[in-house]
Amino acid sequence: MSDKVFIFDTTLRDGEQALAASLSVKDKLQIAMALERLGVDIMEVGFPVSSPGDFESVQTIARTIKNSRVCALSRALEKDIDAAAQALSVAEQFRIHTFISTSNIHVESKLKRSFDQVLEMAVGAVKYARRFTDDVEFSCEDAGRTPIDNLCRMVEAAIAAGARTINIPDTVGYTVPNEFGGIIQTLFNRVPNIDQAVISVHCHDDLGLSVANSITAVQHGARQIECTVNGIGERAGNCSLEEVAMILSTRKDVMGVETNINTKEIYRTSQMVSQICNMPVQSNKAIVGGNAFTHSSGIHQDGMLKAKNTYEIMTPESIGLNRNHLNMTSRSGRHVIKHRMQEMGYSESDYSLDQLYDSFLKLADKKGQVFDYDLEALVFMEGKSDREPHYKLQQLQIQSDSIEGGANATVTLNIDGEAQTAKAHGNGPVDATYNAIAELGGEQINIISYQLGAKGQGQNALGQVDITAKYREQNFHGVGLATDVVEASAEALIYVMNLVRRADLVADQKQKILAKKELGGV
Ligand code: KIV
Ligand code: ZN
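Numbering (UniProt numbering), first residue to last: 1 to 522.
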């Protein structure tokens, strides 16, 4: 049996169909190009009969993508297969994927037919699709709940009709790994023509088992996994591409198979899909979550500094992330602070580690997470870092124009004790507020991420805005919390402006202290 596992990505079909708002053709093309760079073997990019928009995006992607095979979905109906074939015909290489339900509950309640009638439809659809291409995939929808004798009959008939890939979906995420592995094993044992097709699996995550089921299926002979980036998809989602790819590469010793995935593209692709689909990645998500390579416990941080593989089974670089991260919190030991200062270019003679660690613990208790710029402020501001903020929000007024579009903001800041006001226009209330604040603060701050969330539930929830901004090549983090989301946005920006101003003061102070030291003064 081949040791290559084909990665069939369905982010743009099964993933997209679960989004609150459908993606534009341009968005889909951008994701398709990222998937091609990632090295997916096949990408399923739509269901052309479902809408003219879907047809157009399948056609556009089919015309552009060269290094992955482009695939489109169709029910076991001639009109669906015609639409798929027509949309795909511009591609250099394409696959038609046709499917029908095979479980009793679907056959009886949804299709209202007998199993034999469904089998006949499946055979007819595969034969019809073969008129357009040699590369036809057939799926037995709800295979996970299909009586095994029926499943074996269906798979044998579809292969005989010309399907070259047979997909076994656990459509409702119902099976458990040894059960699903057993289904695959039984197909290999009982279907006489099974060697004429690649066996594929397509698992949903309703019980959180989609990855485990897919991996177990590979151990029983499946050689294609259908998955999506960040696991997006119907209900609880699909099997996650990044998890499967990293399991197969990190545990090649037990799995003994390979994929074509360039794992270094994983992080970038995950971020792109999350942004375009407006689906944040949970921070503790395996592989691509914000905390996946972040170490918080003091014991773990100590181990990491001694040898990375004490607490890391794969490197962040292997998924295209630059470095791992030791979170500086009250649980961090002195050596973490010393290490971080060293990484920032300071030697121990530049500061007193005892004093710094003391002040660090006090700040960490108050603030939670401490950042590099906080450490520098503790060293160089000699206690002055806790003084009153330079900028404070005094008043904020918004006028939105729902007819002409856009908004006007009037912002008053208290700047070192003096009230100053600015007015500005923007394409919405937050934009207008940020434009007005920019007129009052002199610093050139570039906002690189803006996230709006809620603290609390229902109508009483507070709006929380988290921003990351770049200033002189350094990232600063600001959080604003208020009942009004525009006010929360303003507070987050003002928080960053105060950090940036403090960083400028730190830089001046640092220069003075280091220059004095060089002269032998301190
Ligand atoms: O989950 C499923 O069964 C599907 C099929 C169309 C393959 O998405
Ligand atoms: Zn599915």
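Even glycine gets a Cβ: it sits at the ideal position worked out from N, Cα and C.
Could you check whether residue j and residue i sit closer than 8 Å to each other, using their CB atoms as the reference points?
i: L73; j: H106; result: no
i: M497; j: E443; result: yes
i: R95; j: D135; result: yes
i: C152; j: T102; result: no
i: S57; j: L35; result: no
i: I65; j: A32; result: yes
i: M1; j: G221; result: yes
i: G298; j: G333; result: yes
i: D149; j: Y174; result: no
i: L38; j: E317; result: no
i: G233; j: D504; result: no
i: V500; j: A492; result: no
i: T60; j: V273; result: no
i: L209; j: V254; result: no
i: M341; j: L363; result: no
i: A85; j: F47; result: no
i: S22; j: E16; result: yes
i: V49; j: A83; result: yes
i: V506; j: M381; result: yes
i: I100; j: C71; result: no
i: T146; j: F180; result: no
i: I445; j: Y471; result: yes
i: L361; j: S330; result: yes
i: S200; j: Q224; result: yes
i: Y128; j: I159; result: no
i: C227; j: L19; result: no
i: D302; j: H339; result: no
i: V474; j: Y373; result: Here the sequence assigns Gln to residue 474, which means Val is not the residue at that position. The answer is yes: Cβ separation under 8 Å.
i: L462; j: T433; result: no
i: L119; j: M154; result: yes
i: D9; j: E44; result: yes
Sort out for me which residues DSSP pairs residue i with in a bridge.
i: residue 530; result: Nothing about residue 530 can be reported from this structure: the residues present for the chain run from 1 to 522 only.
i: Q196; result: DSSP, once it has assigned bridges, lists no residue as partnering Q196.
i: I337; result: According to DSSP, I337 bridges with nothing at all.
i: E418; result: I415
i: A454; result: G463
i: G426; result: A407
i: H325; result: T294
i: Q474; result: Y471
i: K512; result: Answer is none; K512 lacks a bridge partner.
i: F6; result: Q224
i: Q449; result: For the sequence presented, residue 449 should be read as Ser rather than Gln. Answer is T468, bridged to S449.
i: D302; result: According to DSSP, D302 bridges with nothing at all.
i: P169; result: H202
Using 8 Å for Cβ pairs, my map puts residue i next to residue j. What's the rounded Cβ distance?
i: N193; j: E137; result: Not quite, the Cβ-Cβ distance comes to about 16 Å (not below 8 Å), so this is no contact.
i: T412; j: Q394; result: 4 Å
i: I168; j: A143; result: 4 Å
i: L356; j: L378; result: 6 Å
i: L29; j: A62; result: With 8 Å as the limit, L29 and A62 do not qualify as a contact, their Cβ atoms being about 11 Å apart.
i: H204; j: V172; result: 6 Å
i: L481; j: A490; result: Not confirmed; about 11 Å, so no contact.
i: A236; j: T259; result: Wrong, their Cβ atoms sit about 24 Å apart, outside the cutoff.
i: A419; j: A436; result: No, A419 and A436 are not in contact; Cβ-Cβ is about 14 Å, not under 8 Å.
i: S270; j: N230; result: 5 Å
i: A407; j: I398; result: 6 Å
i: M344; j: L326; result: About 13 Å; that fails the 8 Å criterion.
i: T483; j: H477; result: No, T483 and H477 are not in contact; Cβ-Cβ is about 22 Å, not under 8 Å.
i: G162; j: R130; result: 4 Å
i: V5; j: L248; result: 6 Å
i: V465; j: P429; result: Contact flag wrong, Cβ pair sits at about 12 Å.
i: R391; j: I494; result: According to the sequence provided, residue 391 is Tyr. The question's Arg does not apply to it. With 8 Å as the limit, Y391 and I494 qualify as a contact, their Cβ atoms being about 5 Å apart.
Check the Cβ-Cβ distances between residue i and every residue of chain C, and say whether any is below 8 Å.
i: K367; result: Absence of chain C from the displayed structure is noted, only one protein chain being present.
request  = Scan the region 97-166 and note each continuous alpha helix (DSSP H) run of 4 residues or more that stays entirely inside, going in chain order.
outcome  = 115-130, 148-161
request  = For the region 198-266, list the alpha helix (DSSP H) runs that are entirely contained and at least 4 residues long, ordered along the chain.
outcome  = 210-219, 241-250, 252-255
key: Contained beta strand (DSSP E) runs [length at least 3] in the region 11-98, N- to C-terminal order   = 42-44, 69-75
request  = Can you check the region 347-401 for any alpha helix (DSSP H) of at least 4 residues that lies completely inside it and give the ranges in chain order?
outcome  = 353-367, 372-380
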